[in-house]
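Sequential numbering from 1 applies to the sequence shown in UniProt numbering.
The C-beta atom is built at its ideal place from N, Cα and C for all residues, glycine as well.
In this text the structure is predicted, and so the values were computed from the model without any measurement.
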Amino acid sequence: MTFNPNADIRSDNVSRSGGGGRGRGIAIGGGGGGCLLLVIVVIYAIMGGNPLDLLQGSDTGSSQSQDQGTGGDTGCTTGADANASDVCLVQATVESADATWRDLAPQTGITFSEPRGRLFSGQTNTGCGAASRDVGPFYCPADSTIYIDASFYDELSSTYGASAGAFAKEYVVAHEYGHHIQNLQGTMDRIDHSQKGPTSDGVRLELQADCYAGVWADHASSSKDQEGQAFLEPLTDEDISDALSAASAVGDDHIQGEVSGGDVNPETWTHGSSAQRQKWFTTGYESGDPESCDTFSTSDL
């Protein structure tokens, strides 16, 4: 159990099902650098495909369920719900991150605004185009929304070997929230999304989002709801181990070698190695300072 059972996690910004209209933009997760956790997308890109193909699929003739309309309330109200349900865990993590980054905004030089969260099943429409669960969790800057099909968490552990612990799942959301902070900072507009390789802008973008996830983790147990209740219980060593397990599981080298059974080729990397992802999460967690997350200036990724 990681969430305070008494925390109020009700949200006007997180909804279940529904999807935004078709639009333009690069989904950070499906294209232009990728999200934290790509199930098919990362492998598809490594094999030479364009990840945007998976985000801009047809709206017709799908065997998967497809969300329609504007979405609805998740029914999640307390931290106890978040400890019992992955859907509520996503909502609670977004609410916790809202509180954390609202307080940290002066240090990041941003005018803070909350992202939206959308939990979908099978397939959904986004401001960046149509997307299926195969894309994995991702952030769409065009509509400032984090999209997650919660069934992905089973694949994270069963296919990629990550811990099934709650904090591994929360790290996923915190990383995508980090992309929202980058969007507010204007970082996404400044980088070259076409680059690949171990020192590319895309890798630096992902590692910075990992670092921002670590910053959130450092502040997570002190961030409070409107009634002054802490969102999370104090973190344990096991919690941090779970997050590091998830970071390692989605490293490019792990996916290329252990998951896909192929050769490890750093020149095709879009997210960074397992060691890099763990390093930058740890950097953010140990410092609690967004300024420690400048992956774009360092030569030591």
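Residue j and residue i - do their beta-carbons sit closer together than 7 Å?
i: residue 127; j: residue 142; result: yes
i: residue 91; j: residue 144; result: no
i: residue 118; j: residue 222; result: no
i: residue 229; j: residue 4; result: yes
i: residue 337; j: residue 249; result: As shown, the chain starts at 1 and ends at 301. That puts residue 337 outside it, with no answer to give.
i: residue 202; j: residue 267; result: no
i: residue 13; j: residue 114; result: yes
i: residue 195; j: residue 110; result: no
i: residue 167; j: residue 97; result: no
i: residue 302; j: residue 95; result: Since the first residue of the chain shown is 1 and the last is 301, residue 302 is not available in this structure.
Return the residue from the list the options that minimises the CA-CA distance to residue i.
i: residue 6; options: 190, 231, 283, 107; result: 231
i: residue 169; options: 186, 84, 225; result: 84
i: residue 171; options: 226, 182, 115, 245; result: 245
i: residue 271; options: 175, 86, 238; result: 175
i: residue 189; options: 156, 215, 140, 155; result: 140
i: residue 293; options: 254, 181, 157, 247; result: 181
i: residue 234; options: 195, 220, 243; result: 220
i: residue 301; options: 115, 131, 200; result: 200
i: residue 210; options: 157, 147, 125, 282; result: 282
i: residue 253; options: 114, 81, 275, 82; result: 275
i: residue 277; options: 265, 259, 247, 112; result: 247
i: residue 125; options: 147, 116, 112; result: 147
i: residue 193; options: 240, 265, 269; result: 269
i: residue 284; options: 112, 259, 240, 264; result: 240
Under DSSP, the beta strand (DSSP E) around residue i begins and ends at which residues?
i: residue 133; result: From DSSP, residue 133 is part of no beta strand (DSSP E); its letter is neither H nor E.
i: residue 177; result: Counting along the chain, residue 177 falls outside any beta strand (DSSP E), though it belongs to the alpha helix (DSSP H) covering 166-185.
i: residue 117; result: 116-119
i: residue 212; result: Not the beta strand (DSSP E): residue 212 falls in the alpha helix (DSSP H), residues 201-219.
i: residue 148; result: 145-148
i: residue 140; result: 138-140
Give the range of the alpha helix (DSSP H) segment to which residue i is assigned.
i: residue 226; result: It is not in any alpha helix (DSSP H) - residue 226 carries neither H nor E in the DSSP assignment.
i: residue 13; result: No alpha helix (DSSP H) holds residue 13; DSSP gives it neither H nor E.
i: residue 89; result: 86-108
i: residue 123; result: Premise fails: residue 123 lies in the beta strand (DSSP E), 123-126, not in any alpha helix (DSSP H).
i: residue 282; result: 274-287
i: residue 152; result: 152-158
i: residue 237; result: 237-249
Who are the Cβ neighbours of residue i in its own chain at under 6 Å, not counting the five residues just before and after it?
i: residue 295; result: 204, 207, 208
i: residue 60; result: Confidence is the limiting factor: at residue 60 the pLDDT is only 32, short of 50, which leaves the residue's position unreliable, though a coordinate-based value still follows. So the list is empty, once near-sequence residues are dropped.
i: residue 262; result: 256
i: residue 224; result: 230
Within 10 angstroms of the Cβ of residue i, are there 16 or more other Cβ atoms? Answer buried if so, exposed if not.
i: residue 22; result: Caution applies to residue 22, whose pLDDT of 36 falls short of 50 and renders its modelled position unreliable; the model cannot decide the point.
i: residue 150; result: buried
i: residue 79; result: buried
i: residue 73; result: exposed
i: residue 298; result: exposed
i: residue 137; result: buried
i: residue 178; result: buried
i: residue 251; result: buried
i: residue 93; result: buried
i: residue 238; result: exposed
i: residue 100; result: buried
i: residue 132; result: buried
i: residue 358; result: No answer is possible for residue 358: it lies beyond the span of the chain, which begins at 1 and ends at 301.
i: residue 286; result: exposed
i: residue 337; result: Here the chain has residues from 1 to 301 only, and residue 337 is not among them.
i: residue 81; result: buried
i: residue 158; result: exposed
i: residue 129; result: buried
i: residue 163; result: buried
Taking 7 Å as the limit between beta carbons, can you name the residues of its chain near residue i, skipping five residues before and five after?
i: residue 290; result: 104, 107, 108, 212, 215
i: residue 87; result: 16, 74, 76, 119, 150
i: residue 265; result: 256
i: residue 273; result: 251, 252, 253
Among the residues of its own chain, which have a CB less than 8 Å from the CB of residue i, if the five just before and after it don't count?
i: residue 288; result: 215, 218, 219
i: residue 112; result: 101, 102, 105, 184
i: residue 116; result: 13, 14, 15, 143, 144, 145, 146
Would you please verify whether the beta carbon of residue i is less than 7 Å from any beta carbon of chain B?
i: residue 78; result: Protein chains in the displayed structure number just one, and chain B is not present.
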